[in-house]
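Heads up: the structure comes next, in structure tokens.
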Amino acid sequence: MPLPRGLPVVDHHCHLSPSGEGVAAAARFRAAGGTHLFLTTQSYGPTAPRTREEYRVQFETTEKLAHEIAERVGVTTFLVVAPYPIDLVAASAELGGAAALAAHLEALDLAGVWVREHRAVALGEVGRAHFPISEEAGRLIEAAFRHALEVARDVDCPVVVHSADLDAAGYRELAGLARAVGVRPERLVKHFARGRVEPDERDGVVPSYLARRELVRDVLSDRGPWFLETDFLDDPRRPGAVLDLTTVPRRATAIAAGGESAAARLAVPFLDSVRQVYGLDLTAPRPGGA
Ligand SMILES: [Zn+2]
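This note's numbering runs 10 ahead of the 1-based position in the sequence shown.
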């Protein structure tokens, strides 16, 4: 059974680079059956940006790539922008904590402006380090995360969170932090979720599951909301670091082959969750009409 007519096929978190495979990777995604990408910004140079202006250039690079993908490949792309929290580790060592944080907060404000202007649909990745860092860097990153949540509250948008793996207590803590700032936990997406967590154990926070075969089969019965992602990095120096960009459409095709009821479950990550979390309706016809 082919993919159901009208069903979008969405990779909820990937990165593409003009110096990597770029548009060609999006073409492979489409050829495999993919229709929509949530494209998250990343630093494209040898060192991460240090100023608001450098982050602006970074966001514009991502946006330009998104436009090229739409025009040349016909895949719809949603932009997710923010300064990457880990950038603060090197930036603070170089500029000092106060100056590094000030620039980072300005870049977060800029990301908020992009959401307000509908150039981006969410803030991301923001959050915390996934490896041990100094107490000082940890303090800066925490301040940045809080500010990111404040910006998301003010512009009323979802937040794509980078963090270490979370258990139920971790999800609860994240939800608590969001509430303390005035953000509904339902607006938070924990990206790179590598294990199933039940709706009752995530306190409103939405997992974006890494599209590994066993995990996808396992979470298919989850009532949602949840997403699927590859976290494709498009970095030739790190082949195989994450999943290939064709993974989500390949998994979706395999599931659809399992019959109508399995195929119907795909509406949870590709339609219902996108509507619930982002307010976006992806029911437009599939490119090519297949
Ligand atoms: Zn990522």
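Virtual Cβ for every residue (Gly too), placed ideally from N, Cα, C.
Item: Can serine 271 and glycine 234 be called in contact, C-beta distance under 7 Å?; Value: no
Item: Indicate, with yes or no, if ligand 1 has a heavy atom lying under 6 Å from the CB of aspartate 97.; Value: no
Item: Considering only residues of the same chain and omitting the five flanking positions on each side of aspartate 164, which have a CB-CB separation below 8 Å?; Value: Gly122
Item: Pick from Ala58, Arg275, Thr50 and Thr45: whose alpha carbon is nearest that of glycine 134?; Value: Thr50
Item: Is aspartate 254 a contact residue of ligand 1, with contact defined as CB to any heavy atom under 6 Å?; Value: no
Item: Quick one: residues in its chain with C-beta nearer than 6 Å to the C-beta of glutamate 78, no 5 flanking neighbours on either side, listed in chain order?; Value: Val33
Item: Going by Cα to Cα distance, which pick from Arg182, Pro279, Cys167 and Leu150 is closest to tyrosine 94?; Value: Leu150
Item: For aspartate 119, which residues in the same chain have their Cβ closer than 7 Å to its Cβ, ignoring the five residues on either side in sequence?; Value: Val161
Item: Quick check: aspartate 241 and phenylalanine 202, are their CB atoms within less than 7 Å of each other?; Value: yes
Item: Given that a residue counts as buried once 16 or more other Cβ atoms are within 10 Å of its Cβ, and exposed if not, what is phenylalanine 141?; Value: exposed
Item: Just checking my contact of valine 91 with tryptophan 124 at CB under 8 Å: how many whole Å lie between their CB atoms?; Value: 5 Å
Item: Using a Cβ-Cβ cut-off of 7 Å (strictly less than) and excluding sequence neighbours within five positions of alanine 147, which residues of its own chain qualify?; Value: Leu98, Val99 and Ser102
Item: Just tell me which of Pro12, His23 and Leu17 has its CA closest to the CA of lysine 200.; Value: His23
Item: Between the C-alpha atoms of arginine 206 and leucine 225, what's the straight-line distance to the nearest angstrom?; Value: 7 Å
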